[in-house]
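So the working numbering is basically just the index in the sequence shown, starting at one, shifted up by 213. Cβ atoms here follow ideal geometry from the backbone N, Cα and C, with glycine treated the same way. Down below is the structure, laid out as structure tokens.
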Amino acid sequence: MSAQEHDPAREALAELHVEIRLDESLRAMALADIKAPLMEVSLSASVAERIAGAHLDGRLRDAIRDIRESAARAIALLSGLADEASLNVDLRVIDVSELAATCLRAAQPLAKARGVHLETTMAPGSTRALADRLRTTRALVTVLCVCLRRSRPGARVRVAIAQRDRACAITVSDAGPPLSRDEVEVMLSPVLATDGGLPTRDLSRALRATVVQGGLLRVEPDGDGMAFTLELPTPPLR
């Protein structure tokens, strides 16, 4: 393919990266704007407590302490959200089968509540990937929950792990209704998937968590249901 040829897939991926970076910048600015007054409140409460000293009424001292602790918790929560939204990616060689087992255990309560069976198939050989463990765990658990919500009671959700050319693929096949290309696009869009009642409402987060570490998330028909595949790059051969 020459440099002049138009590649819609590459262009769409580039646009997604732009959207992600824009979202990161806007989120960082919003979090900073929220944290600043909270830090001022916490600092002012500390100053008031020091100035009053031993003469401070007990009830007022407790109220000031509550303000400080509440502000500290809010600041810590906002810092955690900032870390989660950050594009800093901790890429390491991970054992994909081990990570998948952890995710399956995490999703088991929902499977039990839905009456859906989880099954795993793993190809022989190594199942390693170069990935961010935290982001991959969140993405896979999200996909598992989406598939469990879509599947009817008594059905089986199958998880297959296979090493492909330069990628490790984790495919979750559900027993839900078929989806059109337009429906898949809505599911993966952080803008369009706004219906809180959709069982697929969190899939755009899984897409984001996968793309920022160099992976892919594909949604395709599979038998009577759909297959959700996370593809993660494999470590280079030494």
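On the premise that residue 439 lies in contact with residue 389, defined as a C-beta separation below 8 Å, what is that separation, rounded to the nearest angstrom?
Here residue 389 refers to the residue found at position 176 of the sequence shown. Here residue 439 refers to the residue found at position 226 of the sequence shown. Indeed they touch by this definition, with Cβ atoms about 6 Å apart.
Residue 321 (DSSP reduced to helix, strand or coil):
Position 108 of the sequence shown, counted from the first residue, corresponds to residue 321. When DSSP states are grouped into helix, strand and coil, residue 321 belongs to the helix group.
Over the uninterrupted alpha helix (DSSP H) stretch that includes residue 431, give me the two end residues.
What you label residue 431 is simply residue 218 of the sequence shown in a count that begins at 1. First-last for residue 431: 429 to 435, but that is the beta strand (DSSP E), not the alpha helix (DSSP H).
If I follow the unbroken beta strand (DSSP E) through residue 308, where does it start and stop?
Working through the sequence shown from its first residue, we reach residue 308 at position 95. Residue 308 -> beta strand (DSSP E) spans 305 to 308.
Do the segment 279 to 288 and the segment 251 to 271 meet, that is, are 3 or more Cβ pairs less than 8 Å apart?
Contact holds: three or more Cβ-Cβ distances are below 8 Å.
Taking the beta carbon of residue 321 as the centre, do at least 16 other beta carbons fall within 10 Å, making it buried, or is it exposed?
Along the sequence shown, one-based indexing puts residue 321 at 108. By the 10 Å Cβ count, residue 321 comes out exposed.
Continuous alpha helix (DSSP H) stretch holding residue 365: start and end:
Counting from one through the sequence shown, the residue named residue 365 turns up at place 152. Neither: residue 365 is in no alpha helix (DSSP H) and is coded neither H nor E.
Look at the alpha carbon of residue 159 and the alpha carbon of residue 246, and state the distance between them as a whole number of angstroms.
Summary: the structure shown does not reach residue 159, with the chain confined to residues 214 through 451, and so no result is reported for it.
Helix, strand or coil for residue 425 per DSSP?
One-based indexing of the sequence shown puts residue 425 at position 212. Correct three-state label for residue 425: coil.
Would you mind giving the Cβ-Cβ distance between residue 359 and residue 395, rounded to the nearest angstrom? I have them listed as a contact below 8 Å.
Here residue 359 refers to the residue found at position 146 of the sequence shown. Here residue 395 refers to the residue found at position 182 of the sequence shown. Between residue 359 and residue 395 the beta-carbon gap is near 17 Å, outside 8 Å, which marks them as no contact.
Which whole-angstrom value is the C-beta distance of residue 316 and residue 340, which I expect to be below 8 Å?
The residue you call residue 316 lines up with position 103 of the sequence shown. The residue you call residue 340 lines up with position 127 of the sequence shown. About 13 Å; that fails the 8 Å criterion.
Taking residue 449 as the reference, give the member of 271, 312, 402 and 379 with the closest Cα.
As a first step, residue 449 must be located in the sequence shown, where it is residue number 236. Taking each of 271, 312, 402 and 379 in turn and checking the Cα distance to residue 449, the smallest one comes out for 379.
Would you tell me roughly how many angstroms separate the C-alpha atoms of residue 399 and residue 419, rounded to the nearest one?
Numbered from 1 along the sequence shown, position 186 holds the residue referred to as residue 399. Numbered from 1 along the sequence shown, position 206 holds the residue referred to as residue 419. Put simply, the backbone Cα of residue 399 is about 14 Å away from that of residue 419.
What's the gap between the Cα of residue 426 and the Cα of residue 344?
Translated into positions along the sequence shown, residue 426 becomes position 213. Translated into positions along the sequence shown, residue 344 becomes position 131. Take the alpha-carbon of residue 426 and the one of residue 344: they are about 6 Å apart.
Is the separation between the beta-carbon of residue 324 and that of residue 353 shorter than 7 Å?
The residue labelled residue 324 in the question sits at position 111 within the sequence shown. The residue labelled residue 353 in the question sits at position 140 within the sequence shown. Cβ atoms of residue 324 and residue 353: not closer than 7 Å.
Judging by CA-CA distance, which residue of 446, 441, 373 and 259 is the nearest neighbour of residue 392?
The residue you call residue 392 lines up with position 179 of the sequence shown. Taking the Cα of residue 392 as reference, the smallest distance to any Cα among 446, 441, 373 and 259 is reached at 441.
Rounding to the nearest angstrom, what Cα-Cα distance links residue 270 and residue 259 in this structure?
Locating residue 270 in the sequence shown gives position 57, counting from the first residue. Locating residue 259 in the sequence shown gives position 46, counting from the first residue. Separation of residue 270 and residue 259 (C-alpha to C-alpha, rounded to the nearest whole angstrom) is 15 Å.
Mapping DSSP to helix, strand and coil, what is residue 392?
The residue you call residue 392 lines up with position 179 of the sequence shown. In this structure, DSSP gives residue 392 a state outside helix and strand, which the three-state scheme calls coil.
Under 6 Å Cβ to Cβ from residue 384, same chain only, skipping five residues before and after it: list those, please.
Sequence index remark: in the sequence shown, residue 384 carries index 171 (1-based). Hits under 6 Å: 373, 440 and 442.
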